[in-house]
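Peer 1:
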Amino acid sequence: MPLSTLDAPARGAVRRLAPTARVDEARVAYVVLAHSDPALFGRLMRRLDDPRAAAFVHVDGKAPLEPFRRAVQHLDRVHFVEPRIRVMWAGFSQVESTLASLEAAIAGTSPECSHIVVVSGADYPLAGNDEILDFFADNAGRQFIRRLAVMESGDPRQLWRLRGRHFREWADPFTPQPNPLFALEKILRLFPRQVPRGTTFALGSNWVVITRDCAIHCVERAKRNRTLVDFVRPASRPDEIFLHVLVQNSPFGAETDSIELSVDVTCIGGPSHYGNVHALTPNVPVRSAEEADAILSTRRHKLFTQRCSSNASAAALNRFDAVACS
């Protein structure tokens, strides 16, 4: 059934939040998804601190919150999203934390806010605040959410991400103990799920930039579209799918680049092929000033890089600061 006809309320699809204090002067809102390295998070927030911007931060429910609060205790425009969600890698909880943060950003800004930028707590800006804010002002009404058409790609790995039954909320692939759910996933390959008709399924990098109006649409559709939520929930890495499907199957799809042909996203560098305003690099974390210079020399319109570390990336972060703030 097409998305446009799915109007039944979806109980529990998105967690409602208490209203956030309005930050009317914000032209841009950052949704920050953090789970580790409070020192880097604090440095990131200090770099992005600006009277024209606000940040809405979701800290993984598995991590202690207080170190993150201390890291930004003197920054008035950083708001923490509550209640927190326990986020499992490649699980639907990644989608839930993103939607909750988008909802907080919508509640905490006015229509004067042009874009909502989704970043990780391990990202870092390659540009100064003036350049970042001017870039989005110059691209008013544009969505930055590159995506490939999954069903048309013919890539069995991407098809299985969508059509398989994955148990990432209960089976963490990074733990050494074997989990019988992984064996069950393999058995269920014999019974691929049927994709809902009338819907174009797309995927891409989860670090997207969408307008505030588009974010409102995505949050509301997630609440109402139980069929889509139920279908995407057992997918693998659904945070690289859910928003892309909502945008592709809406009028907002015409406000971004056309859907693209498939590029192998399982090779080294993977999602870098579908970076939006992030320079996604295969060599992470970025460590040296020389590595930072290589990223800066090829960044074009890219505004952020990813997967930095407060310790390992110190030299690179210093170079990014020196160039952006010069």
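Residue numbers (the numbering used here): 380 to 705.
Positions of the beta carbon are idealized from the N, C-alpha and C atoms, including for glycine.
1. If you run the structure through DSSP and keep just helix, strand and coil, what is Ile495?
2. Which class does Glu548 belong to by DSSP, given the choice of helix, strand or coil?
3. Roughly how many whole angstroms lie between the Cα atoms of Leu423 and Pro504?
4. Quick check on the DSSP output: what are the complete alpha helix (DSSP H) runs of length 4 or more inside the segment 403–457, in order along the chain?
5. Do the CB positions of Val457 and Thr477 come within less than 8 Å of each other?
6. Can you check the segment 477–529 for any beta strand (DSSP E) of at least 3 residues that lies completely inside it and give the ranges in chain order?
7. Evaluate contact between the segment 403–418 and the segment 479–496, counting only Cβ atoms and requiring at least three cross-stretch pairs below 8 Å.
8. Any contact of the segment 536–548 with the segment 505–516, i.e. 3+ C-beta pairs under 8 Å?
9. By Cβ distance below 8 Å, which residues in the same chain neighbour Asp636 in space, the five residues on each side in sequence not counted?
10. What residues are listed by DSSP as bridge partners for Thr684?
11. For Pro417, which residues in the same chain have their Cβ closer than 6 Å to its Cβ, ignoring the five residues on either side in sequence?
12. Can you find the residues in the same chain that come closer than 6 Å, C-beta to C-beta, to Val663, ignoring five residues on each side of it along the sequence?
13. So, at 7 Å on beta carbons, what are the nonlocal neighbours of Leu682 in its own chain, with the 5 sequence-adjacent residues on each side left out?
14. Kindly give me the distance between the Cβ atoms of Ile485 and Ile595, rounded to whole angstroms, as I take these residues to be in contact under 8 Å.
15. Which residue or residues does DSSP assign as beta-bridge partners of Thr590?
16. Assign Ala639 to one of three DSSP states: helix, strand, or coil.
17. For Ala671, does the three-state DSSP call read helix, strand or coil?
18. Any idea what DSSP makes of Phe471, helix, strand or coil?
19. Taking Cβ to Cβ, would you say Thr579 is nearer than 8 Å to Ala633?
20. Whose C-beta lies closer than 6 Å to the C-beta of Arg465 among residues of the same chain, with five residues either side of it excluded?
21. Buried or exposed for Ile620, please, with buried defined as at least 16 other CB atoms from any protein chain shown within 10 angstroms of its CB.
Peer 2: With the given structure in hand:
1. strand
2. coil
3. 8 Å
4. 417–427 and 445–450
5. no
6. 494–499
7. yes
8. no
9. Arg525
10. Tyr503 and Ala658
11. Pro446, Phe447 and Ala450
12. Arg686
13. Pro504, Leu505, Ala506, Ile511, Phe514 and Val656
14. 6 Å
15. His494
16. Before going further, note that residue 639 is Glu rather than Ala in the sequence given. In the structure shown, Glu639 sits in a strand (DSSP, three-state: E or B).
17. helix
18. coil
19. no
20. Gly440 and Lys441
21. buried
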